[in-house]
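The sequence shown runs contiguously to residue 226 in my numbering. The beta-carbon is built from N, C-alpha and C at its ideal position, and this holds for glycine as well. Reviewing the structure listed below.
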Amino acid sequence: MAPYEILVHIPAGRVQLEGQLVVPAGATGIVAFAHGSGSSRHSPRNQLVAGVLHARGIATFLFDLLTPEEDVEYATRFDIALLTRRLTTASGWLMKQPETKTLNLGFFGASTGAAAALQAAAALGDKVKAVVSRGGRPDLAGDKALEAVRSPTLLIVGGNDLSVIDLNEEAYAKLTCTKQLQIIPGATHLFEEPGTLAAAASAAADWFVRYLTSAE
C-alpha cells in the first residue's frame with residue numbers, strides 16, 4: 011500500500027509553516043524534523059534520513075521552521091525560543107490529525123534544530139517519546155531544558171567534527187534521561203563522507219524504532 015502523503019500549511023502566529031507529511035501504511039510512530047540554520051525541509055540529508063525511517067515503518071513530518079524571509083536573517087536562524095515555539099505548534103497540529111494523532115511522537119534535530127527539539131521535548135514531557143540529534147547543537151537548548159528532558163535521547167556526531175563533539179559531550183553530561191552519544195567515524199559536520207550519513211540514518215532509525223514502537 012502506498013504511503014499517505016500530503017503538503018500542509020500550519021498557522022503559526024502571523025506566518026504559515028509549510029511541510030510534507032508522509033505516513034507509511036501501518037506506521038507505528040511519527041518523527042517531526044527540526045532542521046538547522048540555513049537549511050530547509052528540502053535538505054537532501056534530512057530527505058535521506060526520512061526515507062530510511064519510512065522503510066522502517068516510521069512516519070515523518072519535514073517542515074520549514076522559518077519562512078524564506080525569516081531564514082535570511084542570521085539572528086532569526088539562532089532564535090532557539092522561536093524555533094521551539096514553531097516545533098511545538100507543529101507537534102500540536104500532528105497530535106490532532108486523524109492520520110497521526112495515535113502515533114507516538116519523536117523529534118529529529120540537526121544543528122540549531124537539535125536545541126529546539128530538546129527544548130520542545132522538555133516542554134511537552136511524556137508526549138515526546140524519543141529525540142535524535144545529528145551534528146546538532148544541544149548545548150544551545152540550555153541547562154534547564156537539558157535537565158528537564160525525559161525523552162530517550164540519542165546524540166549523533168561526526169568523528170572529525172571535533173568542536174561539536176565537545177559541545178555534545180557537555181550537553182550529554184547534563185541530560186538525565188535515557189541517553190546515548192554515538193560518534194560516526196570519519197564524518198565531518200555535514201556527514202558528506204561516503205557511508206557516514208547512511209550510518210547516522212541507520213542509528214537514528216534504530217533509536218526511533220526502539221522507542222516509538224515500544225512506548226506505551
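- For G145, the closest C-alpha among the options V62, G123 and R66 is that of G123.
- Listed in chain order, the non-local C-beta contacts of A215 below 6 Å within the same chain comprise V62, L63 and R66, local neighbours out to five positions each way being set aside.
- Leaving aside the five residues that flank E202 on each side, none in its chain has a CB nearer than 7 Å to its CB.
- Taking C-beta atoms under 8 Å as the contact rule, T110 and I193 fail to qualify, at a distance of about 33 Å.
- Residues P148, L165, K189 and L191 of the same chain have their beta carbon placed closer than 8 Å to that of Y182, with the five preceding and five following residues left out of the count.
- Here the alpha carbons of N170 and D81 stand approximately 28 Å from one another.
- Between A120 and H45, the gap from beta carbon to beta carbon is short of 7 Å.
- By the 16-neighbour rule on beta-carbons within 10 angstroms, I16 is exposed.
- When the five nearest sequence neighbours on each side are left out, the beta carbons in the same chain lying within less than 7 Å of the beta carbon of A140 are those of G116, S161, P162, W217, F218, Y221 and L222, in order along the chain.
- Comparing alpha-carbon positions, the option among R96, F118, K137 and L92 lying closest to A60 turns out to be F118.
- In the DSSP assignment, G116 forms a beta bridge with V41 and A140.
- Remark: C-beta atoms of L31 and I20 do not approach each other more closely than 7 Å.
- By the criterion of a C-beta distance shorter than 7 Å, G135 is surrounded in its chain by R160, once the five residues flanking it on both sides are discounted.
- The beta carbon of T94 sits closer than 6 Å to the beta carbons of A126, Q129 and A130 from its chain, once the five residues preceding and following it are set aside; these are given in chain order.
- Less than 7 Å divides the Cβ of A37 from the Cβ of A69.
- DSSP, reduced to helix, strand and coil, places G29 within a strand of the structure shown.
- Distance from R96 to L75 at the Cβ level is roughly 5 Å; contact confirmed, criterion being Cβ atoms closer than 8 Å.
- For T70, the enclosing beta strand (DSSP E) stretches over residues I68 to F73.
- Ranked by Cα distance from V167, the options P195, K154 and L156 are led by P195.
- The C-beta distance from T99 to A22 rounds to 5 Å, short enough to meet the 8 Å contact threshold.
- Using a Cβ distance threshold of 7 Å, I90 and L150 count as a contacting pair.
- Straight-line spacing of the CA atoms in S212 and E83 works out to 33 Å.
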